[in-house]
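Numbering of the sequence shown is given in my numbering, commencing with residue 73 and proceeding in unit increments.
Please read the structure below before turning to the comments.
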Amino acid sequence: MTLDELLSRARACRRCEDRLPLGPRPVLRASPTARLLIVGQAPGTKVHETGLPFNDASGDRLRDWLGLDRDLFYDDARVAIVPMGLCYPGRDRNGGDKPPIRECASLWHPPLRPLLPELQLTLLVGSYAQAYYLGKQRKASLTETVRDWRRYGPNFMPLPHPSWRNTAWIRRNAWFEQELLPELKARVASLL
Ligand code: SF4
Numbered sequence: 073m074t075l076d077e078l079l080s081r082a083r084a085c086r087r088c089e090d091r092l093p094l095g096p097r098p099v100l101r102a103s104p105t106a107r108l109l110i111v112g113q114a115p116g117t118k119v120h121e122t123g124l125p126f127n128d129a130s131g132d133r134l135r136d137w138l139g140l141d142r143d144l145f146y147d148d149a150r151v152a153i154v155p156m157g158l159c160y161p162g163r164d165r166n167g168g169d170k171p172p173i174r175e176c177a178s179l180w181h182p183p184l185r186p187l188l189p190e191l192q193l194t195l196l197v198g199s200y201a202q203a204y205y206l207g208k209q210r211k212a213s214l215t216e217t218v219r220d221w222r223r224y225g226p227n228f229m230p231l232p233h234p235s236w237r238n239t240a241w242i243r244r245n246a247w248f249e250q251e252l253l254p255e256l257k258a259r260v261a262s263l264l
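Right under this line is the structure:
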């Protein structure tokens, strides 16, 4: 299967239609020349409406972390963006977004990766991506996993979700901005 065929199949997926409050709208981007893959959680409502991943305040913060403007971030010849759940999963009782649909990642990520032969770095944004890709190598908490980021290189780098909900986490963990982000920016600049 070619990457174009896989993307077409993924974008046409309706597998868990009955569990998606706004209906299926798989949001992903990739091309065979991409060197960086960003694996997030699942679209929020704004991403669902626009079909553009990280097209929200979280995306602005993530672009700042990476040192990328919107043009480069959305250049799918260089940056692939494929979340753990491709469709908006709805809200939980506390008003937050529900977890990504569980079976979605195992449906699309395994066939996708071999079709991205230039991939040098995969960013694991949030605990769902870390659980899926790092498995038993993941630490007991997201903080410990991200703090141990050097261990997962050069292919993977774990990150917290760039949501405003993690602003206090970022303040509490000064090493993130002082040590991890400069390394991340340098790595992304050399890749792209
Ligand atoms: S969440 Fe994933 S499995 Fe469900 S309809 Fe969307 S693309 Fe298909």
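C-beta atoms are modelled at their ideal positions from N, C-alpha and C, and glycine is treated no differently.
It should be emphasised that the depicted structure is a prediction, and the values quoted were computed from it without experimental measurement.
How many Å lie between residue i and residue j at the Cα?
i: G116; j: R86; result: 18 Å
i: P155; j: A261; result: 22 Å
i: A240; j: L187; result: 38 Å
i: L263; j: S213; result: 29 Å
i: R293; j: L79; result: Outside the displayed range of the chain (73 to 264) lies residue 293, so it cannot be described from this structure.
i: P226; j: E255; result: 11 Å
i: A177; j: L253; result: 27 Å
i: P96; j: P171; result: 15 Å
i: R142; j: R135; result: 7 Å
i: Q209; j: T217; result: 9 Å
Just to confirm, does residue i get its C-beta within under 7 Å of one of the non-hydrogen atoms of the ligand SF4?
i: G168; result: no
i: R163; result: no
i: A82; result: yes
i: I173; result: yes
i: L179; result: yes
i: E77; result: no
i: L108; result: no
Considering only residues of the same chain and omitting the five flanking positions on each side of residue i, which have a CB-CB separation below 6 Å?
i: A149; result: S103, T105
i: I110; result: I153, L195
i: G112; result: P155, V197
i: W180; result: A82
i: E190; result: T105, R107
i: L268; result: The question about residue 268 has no answer, for the chain in this structure spans 73 to 264.
Apart from the five residues on each side of it in sequence, which residues of its chain come closer than 8 Å, Cβ to Cβ, to residue i?
i: S130; result: G116, H233, P234, S235, W236
Of all the options the options, which has the alpha carbon lying nearest to the alpha carbon of residue i?
i: E251; options: R222, F228, N238; result: R222
i: L206; options: Q192, T74, M229; result: M229
i: R243; options: D220, T215, K257; result: T215
i: G123; options: P98, W137, D147; result: P98
i: E89; options: V151, V119, G157; result: G157
Report yes if the C-beta of residue i is less than 7 Å from at least one heavy atom of the ligand GDP; otherwise report no.
i: P155; result: Judged by which ligands are present, the ligand GDP is missing from the structure shown, whose ligands are the ligand SF4.
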